[in-house]
Amino acid sequence: MSTLILYTSTYGLTERMAKKLGEQIEDKVECLNLMQNRNVDLTQYDKLIIGASIYMGQIQKEMKQFCEANEAEMIKHPIFIFLCCGIEANVGTYLEHAFPKAIIEHSRVRVSFGGELDLNKMKFLHRTITKMMIKNSEKTGQLLPNPKYEAIEGLAKIINTDII
Ligand SMILES: Cc1cc2nc3c(=O)[nH]c(=O)nc-3n(C[C@H](O)[C@H](O)[C@H](O)COP(=O)(O)O)c2cc1C
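FYI, in my numbering the residues of the sequence shown are 125 to 288.
Written out as structure tokens, the structure is:
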């Protein structure tokens, strides 16, 4: 059995979470960053995990385009989806906008791994937006996002016990 983790990540949280998840999966696992390489033969893998992060309500275009182009092959495999994002309550809407309907409906699990805001890594525009978000959350008392490491363990357990 082999599992492929396809991911896109702008500032690295989704990449970190993808690799941590990969360490907990009992099959042979490969991780592929679609922002660096989209050349992959999906027929070589049994299970597919897809992970992306949310910016202004959208996932990275590389993931969106890959799923649209490869939908027919992807849905021949069990699919597990995770998102990294700041607003948990919006995960359902983000998923709907991010992935083709057939992939969402076919996926066995859709889960949020939380988010991270690291001002030091961000380009100017993102830093400015994030500072505004932080100020706003101080006013409203809304909590800032944190990575949900426990959710990785939960997803790994499901994938490890999932029978094709
Ligand atoms: C400029 C900016 C816009 C963001 N927009 C959203 C958003 O619309 N919804 C949301 O839930 N999280 C949003 N986030 C939070 C990111 O999804 C979160 O920081 C995530 O951990 C990023 O993962 P990455 O490092 O893998 O790219 C935003 C973050 C930044 C910096």
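Glycine included, every Cβ here is placed at the ideal spot set by N, Cα and C.
In chain order, the residues that have a beta carbon nearer than 7 Å to some heavy atom of ligand 1 are S133, T134, Y135, G136, L137, T138, E139, S177, I178, Y179, M180, G181, C208, C209, G210, I211, N214, Y218, G239, E240, L241, M246, H250, I253, T254 and P269.
According to the DSSP assignment, V164 belongs to no alpha helix (DSSP H), since it is labelled neither H nor E. Going by beta carbons, P271 and F223 fall outside the 8 Å limit. A distance of 8 Å or more separates the beta carbons of F204 and V164. Taken through DSSP and simplified to helix, strand or coil, I199 comes out as coil. Annotation for L279: L145, F204, F206, V233 and V235 place their beta carbon closer than 7 Å to its own, counting only its chain and skipping 5 residues before and after. In the DSSP secondary-structure assignment, E154 is bridged to L128. According to the DSSP assignment, S236 belongs to no alpha helix (DSSP H) but to the beta strand (DSSP E) extending over V233 to S236.
Contact annotation, L128 with Y169: C-beta distance approximately 4 Å; criterion of less than 8 Å satisfied. From the listed residues Q148, K152, G175 and Y273, the smallest Cα separation to L158 is found for G175. About 7 Å separates the Cβ atoms of I276 and Q148, confirming a contact at the 8 Å cut-off. Relative to D242, the option among H230, M257, E229 and S231 whose CA is nearest is M257. When secondary structure is reduced to three states using DSSP, S177 falls in the strand class. For M141, the enclosing alpha helix (DSSP H) starts and ends at L137 to E147.
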